[in-house]
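Protein chains in written order, with the working numbering: chain A, 463 to 777; chain B, 89 to 333; chain C, 10 to 299.
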């Protein structure tokens, strides 16, 4: 299926899904939970562009996500811009951070890059903690508007926006995957030196990957203040975002756009169930354990397992 | 006399306190087959790395086609027409052989001014390049299905895919059997006939002597001989370097 | 407000802190600097060491440092076990990079959450006679709860340095870190040597954890602050050199201490990480050339 066709088909599927869920489901909790899962799909997909396609592991997801969220807080205080615009601006801010981080650290190989991203996340968190305008360590309260721009509750509105972002992210990921850019990313992942020697402008492509990945993460964070109504650095920069955005593509499969979706839906749903039934600390334990287990026994993720079963059956 | 395709003047490279290359002066004439030899650790690979842009030299300058390329990143040198193959083959492991060749075609050939290859033309050229090195039947396979000599051929094919004017073949025959060495030599001779200047870095003396029109000898980071192959190896310093005192 | 005795005390505290940081980093210098294993879960083992010291100290009253040393062999065995898993899953397959990193990342996280589940998020502390009193030299204060860990840390460093230089296994470890192939030719199994080395690196975490809980009360998420510090010091120190690492640890300790004293403790975590970023940004050649 060509790129344009995929965009259209996935758009239709997304709209159909949106209409069906909003028409049939009355339990408000579904929209709360689904928002989280969709957010994870975006984070996992965004992470995978830099991690799975290009081979650079980013542990600083929390930073990009929180920059998007806090951009929205600042905009909320200063203006009354609609949420979609805040998402775009949040995306731009995080994209700039992604570019800057890339420029500083992309000469580093593998491990050092990953550590640098972790360092960046902590530095960003420290800056926010010390910035009183957005509440500092105490956090900030954001009042969720009474009325949504479209019919239904405000949470349903946020859910719709996140679904739209999910559609965009997934379509972007697949388009990259089948394009010259994606081939260049793969070459960098497989052997960066050989790629550079073959004519691939590796620094430029890596910067594209970090900027795009960061921007999408920022966009997914922008609606967060309205969703949680209380935002503080400890929760928005939480390392759980980093673990999840690493675990979901790894468990789902890093080589295709489907992997992050599978991983996010699976892990996201498990976590939602665990939070409700057991405790929220335990669900993070589950993610960590699953990550370790999958990384050991199924390094290519669920998609990889399915692919090798399929290939075995053909032979 | 045509202008040399590559002019290296006073090139030096050090790693901390260790001097890997010192005052290297080499001219490569267009169309020639230059052999570059020297004992292990003499700096041959460092020189190739500096010239291809993988490393940056500390002193001296390099001109390709009359144009200074100091400090130019590797991908731009490749686009200018300076290609290299790696001593230990570095294929793109998750890509098929066809896609391995597609990368230089997309990112080098198509990135140059002038004719833009369509997808179909790229596909054809990939297959033609694979056929040239006898790998046409493995086009859709992954590099891990290749034998040693096939990997070497893929490595060369990928370097050639970028349509270079000058190719550094870095120890493309190390560890191969005599008949396999012959196979690689045949490929290199054919490339040279097609107009590609080749610098062959090798240890296998038989191959170097039969292939090269000129020989450069490197010992301990310095050039100690430069001339016709038969004369160069009779140079007493070269003998001393290889056979010891 | 700048004042001389405040500044001097900050520097002294920084030196003592730096000495302690060396204990925290020595394990990673071995596992990452020498063995090329990116154990970013090292802070989790240190936290485990702290909590073990806490349990034994609060139930039986033993000295925390004693506990740390006594428990070190147990940690050694745990470290060997972790290496075995790492070896079978990744090193043997040659897929060390991203999967191995994810493995340790998962381990770091599982460790922290497990501690939260068992101990909760409250701060825990230990009791010992030297926590509280300080030595005084003029206007310079030397709190014993910082001086003693610093001295113990330096002692541990010296012991390890001797071990690596003088014993057969120690020299085998140094050999592995420099040339795996040569070691195989010498008929020593590199993975066996690496297993022992990794075990030692985790054993240091037992002592480091005990020292940590002497210096300050701990709760499970403190480990995260140490990831950046540890790697910053390791990189600053040139990866494999003990003296270099000690110098790096002192530098970070002093800068952190001055920052905390004059700008407030909430800025301190950024210092180490900021240092790390700067180091990585400005010294890539030294790191890549390794």
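Cβ atoms here follow ideal geometry from the backbone N, Cα and C, with glycine treated the same way.
- Segment contact: the region 669–678 of chain A against the region 550–561 of chain A, three or more CB-CB distances shorter than 8 Å; contact assigned.
- Take residue 121 of chain C, set aside five residues on each side of it, and the residues of its chain with a beta-carbon closer than 8 Å to its own are 53, 56, 229, 230, 232 and 233, in chain order.
- Shown here for residue 107 of chain B: same chain residues with a beta carbon closer than 6 Å to its own, the five before and five after excluded, namely 309 in chain order.
- Taking all protein chains shown into account, residue 165 of chain B has 16 or more neighbouring C-beta atoms within 10 Å of its C-beta and is therefore buried.
- Residue 623 of chain A and residue 528 of chain A have their C-alpha atoms roughly 18 Å apart.
- When CB distances to chain A are screened at a threshold of 7 Å, not a single residue of the region 101–118 of chain B falls below it.
- At least 9 Å separates the beta-carbon of residue 223 of chain B from that of residue 209 of chain B.
- For residue 757 of chain A, the closest alpha carbon among the candidates C/36, C/156, C/109 and C/282 is that of C/109.
- If only uninterrupted alpha helix (DSSP H) runs of at least 4 residues are considered, none is enclosed by the region 211–248 of chain B.
- Closer than 9 Å to the CB of residue 758 of chain A there is at least one CB belonging to chain C.
- Residue burial is scored here from C-beta neighbours: residue 212 of chain B has fewer than 16 other C-beta atoms within 10 angstroms and is therefore classed as exposed.
- The C-beta of residue 13 of chain C has fewer than 16 other C-beta atoms within 10 Å across all chains shown, which makes the residue exposed.
- Within chain A, the C-beta atoms nearer than 8 Å to that of residue 191 of chain B come from 645, 646, 649, 657, 660, 661 and 662, in chain order.
- Residues of chain C whose Cβ lies closer than 9 Å to the Cβ of residue 730 of chain A do not exist; the shortest such Cβ separation is about 17 Å.
- Just measuring C-alpha positions, the residue of B/98, B/118, B/125 and B/145 sitting nearest residue 104 of chain B is B/145.
- Counting along the chain, no alpha helix (DSSP H) covers residue 95 of chain B; the unbroken beta strand (DSSP E) around it starts and ends at 94–103.
- 566, 567, 569, 570, 571, 572, 573, 574, 576, 577, 578, 580, 581, 582, 584 and 585: these are the residues of the region 558–587 of chain A whose beta carbon lies less than 7 Å from some beta carbon of chain C, given in chain order.
- The region 686–697 of chain A and the region 659–666 of chain A do not touch, with fewer than three beta-carbon pairs separated by less than 8 Å.
- For residue 256 of chain B, none of the residues of chain A pass the 8 Å Cβ criterion, the least Cβ distance being about 10 Å.
- Looking at the backbone, the Cα of residue 608 of chain A and that of residue 615 of chain A are separated by about 8 Å.
- DSSP, read as helix, strand or coil, puts residue 145 of chain C in strand.
- The region 642–661 of chain A and the region 185–192 of chain B touch, with three or more beta-carbon pairs separated by less than 8 Å.
- Counting every other CB atom within 10 Å of its CB across the protein chains shown gives residue 467 of chain A a total below 16, marking it as exposed.
- Two segments are said to touch when three or more pairs of C-beta atoms, one from each, lie closer than 8 Å; by this definition the region 568–576 of chain A does not touch the region 262–271 of chain C.
- The region 162–235 of chain C is shown to contain whole alpha helix (DSSP H) runs of 4 or more residues at 177–187, 189–194 and 199–224, in chain order.
- A Cβ-Cβ separation of about 12 Å leaves residue 679 of chain A out of contact with residue 513 of chain A under the 8 Å criterion.
- The region 276–290 of chain B makes no contact with the region 759–767 of chain A, as fewer than three CB pairs between them are under 8 Å.
- In this structure, the alpha-carbon of residue 92 of chain C lies about 40 Å from that of residue 247 of chain B.
- An exposed status is given to residue 319 of chain B, since fewer than 16 other beta-carbon atoms sit within 10 Å of its beta-carbon.
- Fully enclosed beta strand (DSSP E) runs of no fewer than 3 residues occupy 121–125, 147–152 and 170–173 of the region 115–179 of chain B, in order along the chain.
- Residue 86 of chain C and residue 162 of chain B have their alpha carbons spaced roughly 47 Å apart.
- Just measuring C-alpha positions, the residue of A/700, A/605, A/733 and A/540 sitting nearest residue 498 of chain A is A/733.
- Against chain A, the CB of residue 235 of chain B has no partner CB under 9 Å away; the residue lies outside that interface.
- Considering only A/749, A/695 and A/713, the residue with the shortest C-alpha distance to residue 735 of chain A is A/749.
- Among the CB atoms of chain B, none fall inside 9 Å of the CB of residue 769 of chain A.
- DSSP lists B/303 as the beta-bridge partner residues of residue 315 of chain B.
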